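Just so we're aligned, residue 7 is where the sequence shown starts under the UniProt record's numbering, counting upward by one.
Even glycine gets a Cβ: it sits at the ideal position worked out from N, Cα and C.
Every value quoted in this text rests on a predicted model; they were computed, and no experiment measured them.
Let me begin by presenting the structure, written as structure tokens, before commenting on it.
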Amino acid sequence: AAGADWWRGAVIYQVYPRSFQDTDANGLGDIKGITRRLPHIAALGVDAIWLAPFFTSPMADMGYDVADYCDVDPIFGTLADFDEMMAAAHELGLKVIIDQVISHTSDRHPWFVESRTSRDNPKADWYVWADPKPDGTAPNNWLSIFGGPGWEWDGVRRQYYQHNFLTSQPDLNFHNPKVQDAVLAAVKFWLDRGVDGFRLDTVNYYFCDKELRDNPPALVATGGLDAPESNPYGMQNHLYDKTQPENIGFLKRFRALLDQYEDRTTVGEVGDGARSLQTVAAYTSGGDKLHMCYTFDLLGPDFTPAHFRRCVGDFQDNVVDGWVCWAFSNHDVQRHVSRFAETEEEQPRVAKLAISLLSTLRGSICLYQGEELGLPEAELAFEDLRDPYGIRFWPAFKGRDGCRTPMPWEASRAHAGFTTADKSWLPVPYQHAALAVDKQEADGDSVLHHYRQTLAFRRDYAALRDGDMTFLDTKEDVLAFTRSKGGETLLFVFNLSRKPVKVALPKGIKLAKTIAMPGFGTADAGATVVLAALDVYCGKLA
Ligand code: TEU
């Protein structure tokens, strides 16, 4: 797709700046490093990059705690470095999407510094402040995702402020129109600089219940991504601390601003447990709010046909004019090769099958740096950890550092070429050095080459970018679906199991020819399709 619709069906590559490429020998990645490695990203054949936060920040949550929305943190470089990076990306045909973390700020943000000085300063109600209960305890039962109560006492104001994440990430009060104006001014700053879009962090957390009602208990503890088993957060039904109806009005304001510019996009991050689907529908329908949303549906361990039929199918049934962005990995979850593979030996094959599957789904897709190398989750010691979430819940939950270790570029160099410093902020595991980019460049069978070929395959067929998708019922437990557009229909049959399978195609499905999918068997099929363990078949229908 080109023009205003470029995002529909796009492939977006997520860069975690801290771990991509260091150029100033401080053991941390930087923007100049991204510029240097842009050709690697462009060679994958993706449409856009999404940069995780690089803004001024005390880095308590690795940049998801912003102290200045309109500047680059010195550890990452300068605004001039950013402009140079964006120009180089555009030169290579890559769009640039940046993270906007506007649900909360850092406690060092000047807005909060001012807000906490008194109950009557100009920014007094820019955050969610409330009096204690008569017994001095927190205003209600809301919890922080990162552990403990969702309220922190401030001794100067003698009030509590609300935070969904760390105590150093106070929540902005979106009920105040001045807050909306201020965050939109920051968004405008980046639009004017030429960014192509925004990933909106925790987009459903912007508004909390005005009356601050208690959340009821969860009937079933959620567990999983929103809150690992060890986290009491999953014991509540989060009816009141997020996903309030007022958000729709704000998202319309956001879109109206965006629409004053050409060809810009938004992808909202929606973690809303069982309600994610309704939330995505509400946020992306109508063409006057978000362009796409990103859910956690495919970020768990489930790699079964039933799971994909349910998540992807539910989405299509319920979100008629909205659009989703699928991902298997990001900077918050265990790398998918480690979640989906049953043994170390099958990891490369699982990495290949997973991208073949992801790139045939209806939706846009997000790749996370390093997955194009088939990197498994890094095993870290407690002493290595930097993620406050992991440090808090270790060892029941090991946190998010295992997916945030630096990119391995050159196998034989120290820290696999990530940094020339003595110490890297997180270690590069030796298993990752063996999977470094230079090694995989030299191996035609590598996961890296498979990614390039598979993304080229996706570009070759318009049906894959934004065509219709229909799931087929087969007797055997495989994932079978068609994608079609403009009179061309492609059939895909995925065997996600470890046993070969012979699949009888449903009556009415007539194959015209077999299409070779990169990296997988091309055996001709008739009324039955024969698949090896962890295999896929593609055919064109008559
Ligand atoms: O994550 C939102 C979120 O809901 C996380 O708590 C998620 O459930 C968890 O990380 C899964 O392990 C976003 C960012 O992606 C994350 O890195 C930030 O820490 C968080 O917002 C706060 O800004």
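- Neighbourhood of N501 by C-beta, 6 angstroms cutoff - its chain only, sequence neighbours within 5 removed: V484, V507, L537 and D541
- Taking 8 angstroms as the CB-CB cut-off, is G319 touching chain B? Going by chain labels, chain B is absent from the structure shown, which holds only one protein chain.
- Item | Residues of its chain near L304, where Cβ-Cβ distance is below 7 angstroms and the 5 sequence neighbours each way are ignored | C317, W332, A333 and F334
- Leaving out five residues on either side along the sequence, give the residues of the same chain with a beta carbon under 8 angstroms from the beta carbon of H181. F213, K216 and E252
- Check E90 in the structure and name its three-state DSSP category. helix
- Task: Let me know the alpha helix (DSSP H) ranges lying completely inside the segment 65-125, each 4 residues or longer, listed in chain order.
- Result: 85-97 and 116-121
- Task: If I'm right that D207 touches S109 with Cβ under 8 angstroms, what's the distance once you round it to whole angstroms?
- Result: 6 angstroms
- Considering only residues of the same chain and omitting the five flanking positions on each side of K505, which have a CB-CB separation below 8 angstroms? A539
- Item | Delimiting residues of the beta strand (DSSP E) encompassing L363 | Looking at the DSSP string, L363 is not in any beta strand (DSSP E); the run it does join, the alpha helix (DSSP H), is Q353 to L364.
- Item | CB contact flag (I254, K194, <8 angstroms) | no
- Query: Just to check, is the beta-carbon of H337 closer than 7 angstroms to a non-hydrogen atom of the ligand TEU?
  - Reply: yes
- Message: Could you give the first and the last residue of the continuous alpha helix (DSSP H) run that contains R315?
- Response: P311 to N324
- Message: Is it buried or exposed, L98, if we count other Cβ atoms within 10 angstroms and call 16 or more buried?
- Response: exposed
- Query: Leaving out five residues before and five after S452 in sequence, what residues of the same chain have Cβ atoms less than 6 angstroms from its Cβ?
  - Reply: Q446
- Verify the contact flag: D67, CB atom, against every heavy atom of the ligand TEU, threshold strictly below 7 angstroms. yes
- Query: Does the pairing of the segment 513-526 with the segment 352-371 give three or more beta-carbon distances under 8 angstroms?
  - Reply: yes
- Query: Going by Cα to Cα distance, which pick from R219, Q459, Y70 and S282 is closest to A136?
  - Reply: R219
- Query: Can you give, in chain order, each stretch of the beta strand (DSSP E) that sits fully within the segment 232-318 and has at least 3 residues?
  - Reply: 271-276 and 298-301
- Beta-ladder partner(s) of G545, from DSSP: L497 and T520
- Quick one: using the 10 Å Cβ neighbour count with 16 as the cut-off for buried, is V107 buried or exposed? buried
- So is the beta-carbon of T411 under 7 angstroms away from any non-hydrogen atom of the ligand TEU? no
- In angstroms, rounded to a whole number, what distance separates the CA positions of D105 and A518? 45 angstroms
- Message: Strictly by DSSP, which residues pair up with C331?
- Response: Y300 and S370
- Considering only C-alpha positions, which residue in the set G306, W157, V102 and V162 is nearest to N127? V162
- Compare the C-alpha of F487 against each of A54, T476 and T495 and name the closest. T476
- Taking just the CA atoms, how far does E158 sit from G493? 59 angstroms
- With 16 other Cβ atoms within 10 Å as the buried cut-off, status of F463: buried
- For R122, count neighbouring Cβ atoms within 10 angstroms of its own Cβ and tell me buried if that reaches 16, exposed if not. buried
- Message: Relative to the C-alpha of G200, which candidate in I151, K258 and L264 has its C-alpha closest?
- Response: L264
- Task: Compute every distance between the C-beta of I151 and the non-hydrogen atoms of the ligand TEU, then say whether any falls below 7 angstroms.
- Result: yes
- Query: Leaving out the 5 sequence neighbours to the left and right, which residues in its chain are closer than 6 angstroms to A347 when beta-carbon positions are compared?
  - Reply: Q353 and V356
- Message: Buried or exposed for D247, going by 16 or more other Cβ atoms inside 10 Å?
- Response: buried
- Message: Given the structure, does D177 come close to the ligand TEU, in the sense that its CB is under 7 angstroms from one of the ligand's heavy atoms?
- Response: no
- Could you tell me which residues DSSP pairs with R489 in its beta bridges? M475 and L496
- Can we count V107 as close to the ligand TEU, meaning its CB is less than 7 angstroms from some heavy atom? yes
- Item | Pair within 8 angstroms by beta-carbon distance, V276 and Y300 | yes
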